[in-house]
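Notes to accompany the following structure.
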Amino acid sequence: MSGHNVWTHKGTFLLAAVGSAVGLGNLWRFPYLTGENGGGAFILIYALTIFAVGIPIFIAETMLGRTSRQSPIMGMRHLTKTHKTSRAWESIGWLGAAAAFLILSFYSVIAGWALHYTWLMLTGSLVGADATTISAGFDALLASPGLMTLYHTLFIAFSALIVGLGIHKGIESGLRIMMPALFAILIVVLIYGVINGDVGAAANFLFTFNIADLSLEGWLQAVGQSFFTLSLGMGAIMAYGAYMSSEASLTRTAIAVAFVDTAIAMVAGLAIFSLVFGAGLETDQGPGLMFVTLPLAFADMPFGALVGGVFFILVLGAAISSSISLIEPVAAFLVERFDMTRPQAVTIMVVAAWAMGLLTVVSFNVWAEGTIFHALFERSAFEFIELLTNIFMPLGGLMIALFAGWALTQSEVMKELGTNITWFKTWRLLVRFVGPAAVSFVFLRTIPQVEGYVVPTLGALLIVGVFALSQRLRKSA
Ligand code: PFF
Numbered sequence: 000m001s002g003h004n005v006w007t008h009k010g011t012f013l014l015a016a017v018g019s020a021v022g023l024g025n026l027w028r029f030p031y032l033t034g035e036n037g038g039g040a041f042i043l044i045y046a047l048t049i050f051a052v053g054i055p056i057f058i059a060e061t062m063l064g065r066t067s068r069q070s071p072i073m074g075m076r077h078l079t080k081t082h083k084t085s086r087a088w089e090s091i092g093w094l095g096a097a098a099a100f101l102i103l104s105f106y107s108v109i110a111g112w113a114l115h116y117t118w119l120m121l122t123g124s125l126v127g128a129d130a131t132t133i134s135a136g137f138d139a140l141l142a143s144p145g146l147m148t149l150y151h152t153l154f155i156a157f158s159a160l161i162v163g164l165g166i167h168k169g170i171e172s173g174l175r176i177m178m179p180a181l182f183a184i185l186i187v188v189l190i191y192g193v194i195n196g197d198v199g200a201a202a203n204f205l206f207t208f209n210i211a212d213l214s215l216e217g218w219l220q221a222v223g224q225s226f227f228t229l230s231l232g233m234g235a236i237m238a239y240g241a242y243m244s245s246e247a248s249l250t251r252t253a254i255a256v257a258f259v260d261t262a263i264a265m266v267a268g269l270a271i272f273s274l275v276f277g278a279g280l281e282t283d284q285g286p287g288l289m290f291v292t293l294p295l296a297f298a299d300m301p302f303g304a305l306v307g308g309v310f311f312i313l314v315l316g317a318a319i320s321s322s323i324s325l326i327e328p329v330a331a332f333l334v335e336r337f338d339m340t341r342p343q344a345v346t347i348m349v350v351a352a353w354a355m356g357l358l359t360v361v362s363f364n365v366w367a368e369g370t371i372f373h374a375l376f377e378r379s380a381f382e383f384i385e386l387l388t389n390i391f392m393p394l395g396g397l398m399i400a401l402f403a404g405w406a407l408t409q410s411e412v413m414k415e416l417g418t419n420i421t422w423f424k425t426w427r428l429l430v431r432f433v434g435p436a437a438v439s440f441v442f443l444r445t446i447p448q449v450e451g452y453v454v455p456t457l458g459a460l461l462i463v464g465v466f467a468l469s470q471r472l473r474k475s476a
């Protein structure tokens, strides 16, 4: 059964985790959030969170996977039994599965846009086009449910094919080809940006900060983004961790993933903003930064169509290496629990996520307004799904931190972490208190109705509640 599988090499987990971490979050979301939130100050908070909260929780998540050696749901079921904790902690697995399913549904639609732009670039359709034409083109894509569904289907089917082939023949082999190619392309795009764009202005924008520029909202988005970009809190890293070699170091691996992921976001930011500034365009275009502003920058540059096409291939590859990590936890669960074959399990997960993705597709056109989602939640179905995942991911991360911090015994953790007692104590402090406090804060703030003075009150209550719960966890451990 897949639960007993281990990656072929000691370093494969690193490759797989980097594949999962590096995706639309780095190439699409990070630059546009940075652009909207004024640059350096946003990056500072983002990087601090990655290192103080992200890395410890990443270690916790891999640890739960590797000690249980099963899919997140079955693994948590196993751990709650062996550690005599409440079965409620199994919800870490279920929450993760739900989040993976929801993220996959919209991730695939957005990756589909990149497919469209790969095509437009490589066929030279945008060469010399002006701002109005390019932005009208993006609007036309969003207005077409048929076209979006086509791309969404192609993207998700390809991801399914890779996972369906299994962790060795599909995921490992796929990543081994894709990841080096992605790094190479990113370097090419960076060099291109340096030659044709304004890299000085980009570096200035990204690396000088005035902390006063950052709104509370930006601060919270930075924390949320650091979770999303490391694929934390939803079982993807736990599922991959279940296949991790016992010899690989959790700490070193976590630091390496965080480092590579952050470096790639920075390089992508540098390349994209060089082109944007070089073309005299604005940085605060929101989600359209990659699909409107960037194509516009490429439209007038030498070899712009070719390099732009290659850039969108990079986006696609990065998205695929992430989407396979969204399929794996649920597929592995179906295989373990219901004895399905891997292709059957993958098909069920992917067909369901595909159907769910249609809600995102129509959110940009026929259901752009006046639906039940707008009536009840004042947002489109897509925005509602995104909100749900923004709640599930931190919540999952919080529970993972608490379970690993309080329920696992010292000797178990020491065995997984290595024997450095100072590092053990630091890590435990981070996952017991620092992570949960930071995450509770963000979590509460993602609920739109909770604002103003209500936030600190609820935050304090939550932290007290979390502490009380942890005490119970510890007693029963
Ligand atoms: N980390 C991915 C990105 O930055 O695009 C997104 C992601 C993948 C989130 C897998 C969660 C996940 F489980």
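Numbering-wise (numbering that gives the first Met the number 0), the sequence shown opens with residue 0 and increments by one. Cβ atoms here follow ideal geometry from the backbone N, Cα and C, with glycine treated the same way.
Quick check on DSSP: helix, strand or coil for residue i?
| i | result |
| --- | --- |
| lysine 83 | coil |
| threonine 11 | helix |
| valine 291 | coil |
| methionine 177 | helix |
| aspartate 338 | coil |
| valine 465 | helix |
| threonine 421 | helix |
| phenylalanine 440 | helix |
| aspartate 283 | coil |
| alanine 16 | helix |
| tryptophan 426 | helix |
| valine 361 | helix |
| methionine 0 | With a pLDDT of only 40 at methionine 0, under the threshold of 50, the placement of this residue in the model should not be trusted; the figure read from the coordinates follows. In the structure shown, methionine 0 sits in coil (DSSP, three-state: anything other than H, G, I, E or B). |
| alanine 139 | helix |
| alanine 476 | Model confidence at alanine 476 stands at a pLDDT of 49, short of 50, so the residue's coordinates are unreliable; what they give is reported in the following sentence. In the structure shown, alanine 476 sits in coil (DSSP, three-state: anything other than H, G, I, E or B). |
| alanine 351 | helix |
| methionine 243 | coil |
| alanine 317 | helix |
| serine 134 | helix |
| tryptophan 405 | helix |
| glycine 307 | helix |
| glutamate 368 | coil |
Between which two residues does the alpha helix (DSSP H) carrying residue i extend?
| i | result |
| --- | --- |
| leucine 389 | The amino acid occupying residue 389 in the given sequence is asparagine; leucine does not appear at that position. 380-401 is the span of the alpha helix (DSSP H), which, as asked, contains asparagine 389. |
| aspartate 299 | Counting along the chain, aspartate 299 falls outside any alpha helix (DSSP H), and DSSP gives it neither H nor E. |
| proline 30 | 29-35 |
| methionine 265 | 249-277 |
| glutamine 409 | 409-416 |
| arginine 431 | Counting along the chain, arginine 431 falls outside any alpha helix (DSSP H), and DSSP gives it neither H nor E. |
| phenylalanine 376 | 371-376 |
| glycine 22 | Taken as a continuous stretch (DSSP letters only), glycine 22 belongs to no alpha helix (DSSP H), as it is neither H nor E. |
| tyrosine 239 | 235-240 |
For the ligand PFF, is there a heavy atom less than 7 Å away from the beta-carbon of residue i?
| i | result |
| --- | --- |
| glycine 316 | no |
| threonine 228 | yes |
| isoleucine 323 | no |
| isoleucine 102 | yes |
| leucine 174 | no |
| methionine 243 | no |
| methionine 73 | no |
| asparagine 389 | no |
| methionine 493 | Because the chain is modelled from 0 through 476, residue 493 falls outside the range shown and cannot be assessed. |
| methionine 233 | yes |
| leucine 23 | yes |
| serine 225 | no |
| alanine 20 | yes |
| alanine 87 | no |
| alanine 110 | no |
| alanine 128 | no |
| alanine 99 | yes |
Kindly say whether residue i, judged by its beta-carbon, lies nearer than 8 Å to any beta-carbon of chain B.
| i | result |
| --- | --- |
| isoleucine 91 | The question asks about chain B, but that chain is absent: this structure has only one protein chain. |
Quiz item: Can you list, in chain order, the stretches of the alpha helix (DSSP H) that have 4 or more residues and sit fully within the region 49-131?
Solution: 54-67, 71-81 and 90-121
| message | For the region 55-74 against the region 427-434, do three or more pairs of beta-carbon atoms, one drawn from each stretch, fall closer than 8 Å, so that the two count as touching? | response | yes
Q) What residue ranges within the region 152-227 form continuous alpha helix (DSSP H) runs of no fewer than 4 residues, ordered along the chain? A) 172-195 and 198-206
Inset, instruction - Tell me, please, whether the region 106-122 touches the region 305-314 by the rule of three or more beta-carbon pairs shorter than 8 Å. - result: yes
Taking 8 Å as the cut-off, does the region 191-209 touch the region 60-75 (at least 3 CB pairs, one atom from each stretch)? no
- Task: Kindly confirm or deny that the region 71-85 and the region 227-247 touch, where touching means at least three C-beta pairs closer than 8 Å.
- Result: yes
inquiry  = Quick test of the definition: if touching needs 3 or more C-beta pairs under 8 Å, does the region 289-307 touch the region 88-104?
reply    = no
Review point. Touch check for the region 12-31 and the region 245-260: three-plus C-beta pairs under 8 Å?
Key: yes
Worksheet item: Does the region 384-404 come within contact of the region 224-233, defined as at least 3 CB pairs closer than 8 Å?
Response: yes
- Query: With contact counted as at least three CB pairs below 8 Å, one residue from each stretch, are the region 267-285 and the region 294-304 in contact?
  - Reply: yes
So, does the region 38-49 touch the region 216-224, judging by three or more C-beta pairs under 8 Å? yes
* Within the chosen definition, does the region 161-168 reach the region 338-351 through at least 3 CB pairs nearer than 8 Å? -> yes
- Message: Under 8 Å: do the region 147-161 and the region 348-359 share three or more Cβ pairs, one atom per stretch?
- Response: yes
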